[in-house]
Structures are given as C-alpha cells and as structure tokens.
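Q: Going letter by letter, the sequence shown gives residues 469 to 985 in this note's numbering.
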Amino acid sequence: MSGLQSRSTAAFALGLLLSGPALAQASTEKLPDIGPPARVPEGAPPGMHHIDRLALRTHAYWLADDARNGRQTASPGQLATAKYVANYFKSLGLKGLGDRRGFYQYYPIERLEISKSTGLSFGKTKITDGFAVLHASKSDKLTASGAFSYCGNGAEMSGSLKGRIPVITLSGRTRGGVAGDLQALQRYAQIAKKLDKANAKAGIVCLLDDGGSLANALNYRGLLRDHGVMAYKRFDRPIVKVPLMVLSAEASKLLLAHMGITVDPESGEHADDGKKKAKGKLTIQIKAVRKAKASNVIAVLQGKNKKLEAVVISAHHDHVGTRIDGDRFNGADDNASGTSALLEIAEAFARCKERPARSIVFLSVSGEELGLWGSAYYADHPTWPKDRITANINIDMIGRAGRRDEKILMQITPSHEHQKYSSIVKNAVTTGAQFGIEFTSGDTYYRRSDHYNFAKLGIPVVFFCDGEHPDYHQVTDHADKLDYAAMEAITRLAYWTAWQTADAKGKPKELGRQSDW
Ligand SMILES: [Zn+2]
C-alpha cells in the first residue's frame, strides 16, 4: 500500500480542517520530518493502513493549539473541539448516536462564576483579570476597603485583621502533578483558616511565580475570569473558610510595589519600605448558580452479523483550560493524542470495505478532567443498550510513550495483577509485540479515566496510557513533544484490538489475577 493513498486521506482530512487555525499554522510552520507511515504488520485487520502519523499530527496540532484555550469543558474551546470531532465523523459517513440520533449528547452541568465587579483596585491600578477566587460559599458577596496588611507566607498571623485587607505571598514553585495540586489546595485552606481566626473577611494571596501547583490547582477549584467552577450533579464543598483572591505573579508585582514590599522568591524573605498606609479595595462577588450544558460526541458504524452488539472506543477531548496568567494548558498528550487516535481509528473503520461482526461506537467525551463527567453521564444514559456493549477500549495519553532501544513502553489496565484482568487485555499485550510495544501495569490509573465508568457496569475494559510525565497537566504539554511514530503504532494496536473484539465469536473472558500476562 503506498503512502500516496494515505496522503490523499490526509489531504481529504486537511480539506475538512481548513477552518482550523492550527492547520494554517501547521501548514506555514515547517514541521520536522517524522518519516513515512510504518509497514502494516502481517495478519493485521483490513483498513489499518489508513492510520498514519501525519494525520495524527495534523489532528493533534489542531486540538492542542492555543486557539482552543485548553479545551475546558463547556468553554468555547471545548465546543469548537466537539464540533471538529462531529464534523470529522460526519465527513466519514458515520451515523450520529447522540441525542435524537445526532452527533451530540448534551448533559446538564451547573456553573458558579464571578461577577464583573469582582476585582482589586489600589492607587491608579484596577486588577480585573489575572487572578482566581477561591470561594467560601456559593453566595460570597463582599467589598473590603482599607489598609493592606502584609502577613508574610501566612504561617504567622498575629492580632486581629478586622477591617484590614491581609496580603500573603507564596512562592509558586511547588511540586507538580496531582499530589502537588492537592498539597497546594491544602495550603490555601490553611491560610484561610488562619485568616478566619484573625477576623479577616477575606484575603489576597500573591503568587511570586505562576509555574507550579499553586497556580495549576486553581484551574480545578478556582473561579477565573474565563471559567468558573462547574458541577455535575453537585458542587464540591468549598475548600476555604473565607474567600481568597489569588493573584498571578504579574498582578502580585503591582500590588506589592504599591505596598512597598519586596520579597525574595527563593527565600521568601521580604523587605518593607514602611508604606504602612497603603490602601485599596477588594470586591468578591459570586453570581447565582447558572445552569449550562456540556457535550459528548458519539458516532456509530454498523456491524455485519452481530450488529446489535457493539464495542465502544472512547477518548476524552476536554482539558483544563487556561492558567491565571493566561497561559494555556494545551493538553497535547492529555488528551489531544487519544482524540487524534479515535479520529484515525474511525477513519480506518469507515474507509475499510469490510466490516467486523459487531458494531463500533466512537465516543468522544468531555468532563473527564472534572471527574469523568461525560462518561458518567453516558453510562447513566447510554445511547447503545448497556447489556449489548461487548467491551470498552479507552485511549488517554498515548503521545509520550517511553522508549528503550526499538521498544515502545506503555501502560495498560486492568493488568494481570488486577481482578478484572481479561482476554481483551491479554490479546492487546500479545498483539502489541507486533509493533514493538511493551506493557507494564497501569493499574494506578484503573479509576482515573473514562473506561472506569464502563468497568463499573461490569463491561470488560482495556485502557491504554503512557503514564505521567513532567509535562502532565502543565502548560508545557505541547504537540511538538509528541512521539508520532509511537502514537501511530499504539493507535494501530487499539484498532487491531477493537477489530479483534468486534469480530470475535465470543465475548471477552474475565481471567482474574494471573502471575503473568
Ligand atoms: Zn486525560
């Protein structure tokens, strides 16, 4: 099979994508040569040649472009991404399997947002953006005018802060990843507790640096100008006793200069030029809860002789939006890589003249980063009968696989050490060897992506992921760092696993814990 054909497929896809600024950028930007598509292994199912690294890259660049603003659920960037996925499914001639057999499935969420009046002013400066609010209640409404009171890093607070506006400085450089984010939230909670004890109505936290968990964690629990906090079914309980306004490093510089305070970001040591009388006005107002909706995108390819049964292939397309300094969480690996794979797999099935026995459902969900919301809603409102879902294949972060010699190092769950280990995982590991893919247990992530909502229904699942890396949930998770040759191999393996499962006589068998794969 010649590359040309795949190039024509990519050209078709490119034609479709012309609307995407990323493409325009991609087409102007000289992208490095990533080599031609690899040879398809012996015995592979038909249609696999349609999956190629060039098209994977085109999709990933579009999905992870700054213009998507980090694809926060229910944001314009996520809605544009959902439209991109739906248009692609439509262009392949797939049928919609969303609401009223369209491509979209909407689910209700609620939003809590800050009012326009929320902000900080001092001297001639008005801070209206570049901050996040951690709310103490859904109806926070306060205006504090008066003298600023510098409280160091919030560890020591003496005397009453009644009628004053406390200011705390924190060096942003903290441990990254999920653990670092949790620690950061605990830090904010401790500071608010101390402020509450000191009779403060609210507080200001100045980040000396935007580059760590203290800034990242705000994306989940903070109300930023461009996105508030959202809820699916119920809001999380606020983490602070009194509301905090957390300023980006840039906004912090302005306030500290106004107060005559200089802080050494490394040591946290501060010098004070004695401008004790620095004053200002802090306004925090939370708007009433607003009902909104988010979207999943779903398409189906009818099977041959067992078409009432289906294999569901899923990948989330949402990510965590923008940071308080405006930088984007591009989410190239998480999960533009998995979404690109889902689109390429859909193309391979749609273009392939042969069909597997069972049908294939392509499920592109949102709300994953917020708590697996989209797949939870799908599991509660399946558009394919639950008892006729043969298996779920979930793809989340496949662009940063490890490499050792020629080997591609990936993780998979449920592994052979897991009670839910099944023949679909066993087959995937065996077939993976054909692509030089080696698997280790990814059981740490068994509950951390969308397959878990299918597993909870007793449906056999297999989850492909590359595990955490230094750019995980950082603004540095960029498309030019993805390994497209490895992505091509992993995507082809997921396709092969789907085909095998959809065409098998029987259903996947649960094997339980085993000593080996
Ligand atoms: Zn993810």
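The beta-carbon is built from N, C-alpha and C at its ideal position, and this holds for glycine as well.
1) Quick check on DSSP: helix, strand or coil for Val508?
2) Round the Cβ separation of Ile927 and Ala972 to the nearest angstrom and send it over; I've been treating them as touching at under 8 angstroms.
3) Starting from the C-beta of Pro489, find all residues in its chain whose C-beta is less than 7 angstroms away, skip the five residues before and the five after it, and write them out in chain order.
4) When DSSP labels each residue in this structure, what does Arg796 get in the three-state scheme?
5) Please name the residue, chosen from His527, Ala615, Arg960, Leu653, that lies closest to Pro509 on a Cα-to-Cα basis.
6) In whole angstroms, what is the alpha-carbon distance linking Tyr963 and Gly679?
7) Counting C-beta neighbours from all protein chains within 10 Å, is the total for Lys669 16 or more, i.e. buried, or is it exposed?
8) Could you tell me which residues DSSP pairs with Gly587 in its beta bridges?
9) CB of Asp864 to nearest heavy atom of ligand 1: below 8 angstroms?
10) Drop a sphere of 10 angstroms on the beta-carbon of Ala494, count the other beta-carbons inside from all chains shown, and report buried for 16 or more, exposed for fewer.
11) Could you give the first and the last residue of the continuous alpha helix (DSSP H) run that contains Ala739?
12) So, with DSSP's three-state summary, where would you put Gln573?
13) Can Ser589 and Gly748 be called in contact, C-beta distance under 9 angstroms?
14) Does the beta-carbon of Lys745 have 16 or more other beta-carbons within 10 angstroms, so that it is buried, or is it exposed?
15) Which of the three DSSP states is assigned to Val757 in this structure?
16) Kindly indicate which three-state DSSP category Lys775 falls into: helix, strand or coil?
17) Taking contact to mean 3 or more Cβ pairs, one atom from each stretch, closer than 8 angstroms, check whether the segment 578-587 and the segment 674-694 are in contact.
18) Is the beta carbon of Tyr656 closer than 9 angstroms to that of Leu602?
19) Give every residue of the same chain whose Cβ lies closer than 7 angstroms to the Cβ of Leu629, excluding the five residues on either side of it in the sequence, and list them in chain order.
20) Can you tell me where the beta strand (DSSP E) with Glu906 in it begins and where it stops?
21) According to DSSP, simplified to helix, strand and coil, what is Pro489?
22) For Pro634, which beta-bridge partners are listed by DSSP?
23) Should Ala804 be flagged as near chain D, meaning a C-beta pair shorter than 9 angstroms?
24) Nearest to Ser808 by alpha carbon, out of Leu877, Ile781, Leu838?
25) In this structure, does DSSP put Gln651 in helix, strand or coil?
26) Any idea what DSSP makes of Gly471, helix, strand or coil?
27) Please state whether the Cβ-Cβ distance between Ser917 and His784 is less than 9 angstroms.
28) Decide if Thr477 is buried, meaning its Cβ has at least 16 other Cβ atoms within 10 Å, or exposed.
29) Please classify Asp934 as buried or exposed, where buried requires at least 16 neighbouring CB atoms within 10 angstroms.
30) Find out if the Cβ-Cβ distance for the pair Ala542, Ala844 is shorter than 9 angstroms.
31) Please confirm whether any heavy atom of ligand 1 lies closer than 8 angstroms to the CB of His784.
32) When DSSP builds the beta bridges, which residues end up paired with Phe830?
33) Figure out for me which residue from Ala719, Tyr556, Val714 has the closest Cα to the Cα of Lys594.
A: Let me spell this out:
1) Three-state result, Val508: coil.
2) Cβ atoms of Ile927 and Ala972 stay farther apart than 8 angstroms, at about 15 angstroms.
3) Confidence at Pro489 is low in this model, with a pLDDT of 42, below 50, so its placement is unreliable and the value that follows should be read with caution. Contacts found: Asp533, Ala535.
4) DSSP places Arg796 in strand when its eight states are reduced to three.
5) The residue with the shortest Cα to Cα distance from Pro509 is Arg960.
6) Rounded to whole angstroms, the gap between the alpha carbons of Tyr963 and Gly679 is 38 angstroms.
7) By the 16-neighbour rule on beta-carbons within 10 angstroms, Lys669 is buried.
8) Partner(s): Thr751.
9) At least one heavy atom of ligand 1 is nearer than 8 angstroms to the Cβ of Asp864, so yes.
10) Summary for Ala494: the model assigns pLDDT 47, below 50, so the residue's position carries little reliability; its value from the coordinates is reported in the next sentence. Buried, by the Cβ-count rule.
11) Ala739 -> not in any alpha helix (DSSP H); beta strand (DSSP E) instead, spanning 738-740.
12) The answer is strand: DSSP assigns Gln573 an E or B state.
13) Contact: yes.
14) Per the 10 Å Cβ criterion, exposed.
15) Residue state, collapsed to three classes: coil.
16) If DSSP states are grouped into helix, strand and coil, Lys775 belongs with the strands.
17) Note that the segment 578-587 touches the segment 674-694; at least 3 beta-carbon pairs, one per stretch, sit closer than 8 angstroms.
18) In contact: Leu602 and Tyr656 (Cβ atoms closer than 9 angstroms).
19) Short of 7 angstroms from the beta carbon of Leu629, and not among the five residues preceding or following it, lie these beta carbons of its own chain, in chain order: Ser617, Leu663, Ala666, Asn667, Ala668.
20) Run containing Glu906: 905-909, per the beta strand (DSSP E) assignment.
21) Low confidence applies to Pro489: its pLDDT is 42, below 50, so where it sits in the model is not reliable, and the reading given next is rough at best. In the structure shown, Pro489 adopts helical secondary structure according to DSSP, grouped into three states.
22) When DSSP reads this structure, Pro634 sits in a beta bridge with Ser617.
23) The chain labelled as chain D is not found in the depicted structure, where only one protein chain is given.
24) Answer by Cα proximity: Ile781.
25) DSSP, reduced to helix, strand and coil, places Gln651 within a helical segment of the structure shown.
26) With a pLDDT of only 42 at Gly471, under the threshold of 50, the placement of this residue in the model should not be trusted; the figure read from the coordinates follows. Three-state DSSP puts Gly471 in a helix.
27) Contact flag set, yes.
28) Note that Thr477 scores a pLDDT of 45, beneath 50, so its modelled location is shaky and nothing firm can be said.
29) Flag for Asp934 reads buried.
30) In this structure, Ala542 keeps its C-beta atom at 9 angstroms or more from the C-beta atom of Ala844.
31) Checking the Cβ of His784 against ligand 1 gives yes.
32) For Phe830, which the question treats as bridged, DSSP gives the partners Ala767, Ile781.
33) If we check each option's Cα against that of Lys594, Ala719 comes out closest.
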